[in-house]
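Here's the structure we're looking at; comments come further down.
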Amino acid sequence: MYQVLDKDMIELEIVTYLTETKRGFKPKTLLCKIVNAILYKLKTGVQWCYLPIETLFSNEKLHYKTIFGHYRKWNQQEIWKILLDTALKK
Numbered sequence: 001m002y003q004v005l006d007k008d009m010i011e012l013e014i015v016t017y018l019t020e021t022k023r024g025f026k027p028k029t030l031l032c033k034i035v036n037a038i039l040y041k042l043k044t045g046v047q048w049c050y051l052p053i054e055t056l057f058s059n060e061k062l063h064y065k066t067i068f069g070h071y072r073k074w075n076q077q078e079i080w081k082i083l084l085d086t087a088l089k090k
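Residue numbering for the sequence shown follows full-length UniProt numbering, beginning at 1 and increasing consecutively.
Have a look at this one:
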């Protein structure tokens, strides 16, 4: 499995800033895995449709549009900007 950051670092530094879903919906996939896939995409520059889903998510069926949907939602909420600002302050 490809890892840009380790799971503990993602959970401590990134997942804490992500917003909860509106109706208490629990995602089937852990958010740290989705964040890892987004970071992999940003690091390598691979297109969304060519993400190595089987390698990133070994036992889960996931579509690249799901990962892009999370990225887009967090981008509209400016979560990535907040994460960058807090990382630069440290």
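Cβ atoms here follow ideal geometry from the backbone N, Cα and C, with glycine treated the same way. The model shown is predicted, which means the values in this text are computed figures rather than measured ones.
Item checked: L51 in three-state terms, based on DSSP -> DSSP places L51 in coil when its eight states are reduced to three.
Check: Candidates N59, N36, E54, K7: which alpha carbon is nearest H70's?
Finding: By alpha-carbon distance to H70, the top candidate from N59, N36, E54, K7 is N36.
Next item on the list: Say whether the segment 74–81 touches the segment 45–65, bearing in mind that this needs 3 or more beta-carbon pairs closer than 8 Å, one atom from each stretch.
Entry: With the cut-off at 8 Å, the segment 74–81 and the segment 45–65 do not touch.
Next item on the list: Please report how far the alpha carbon of C49 lies from the alpha carbon of N75, in whole angstroms.
Entry: Each residue's alpha carbon lies about 19 Å from the other.
Notebook entry, point to check: From L31, K89, Q77, pick the residue whose C-alpha is nearest to that of T66; which is it?
Noted result: Closest option to T66, Cα to Cα, is L31.
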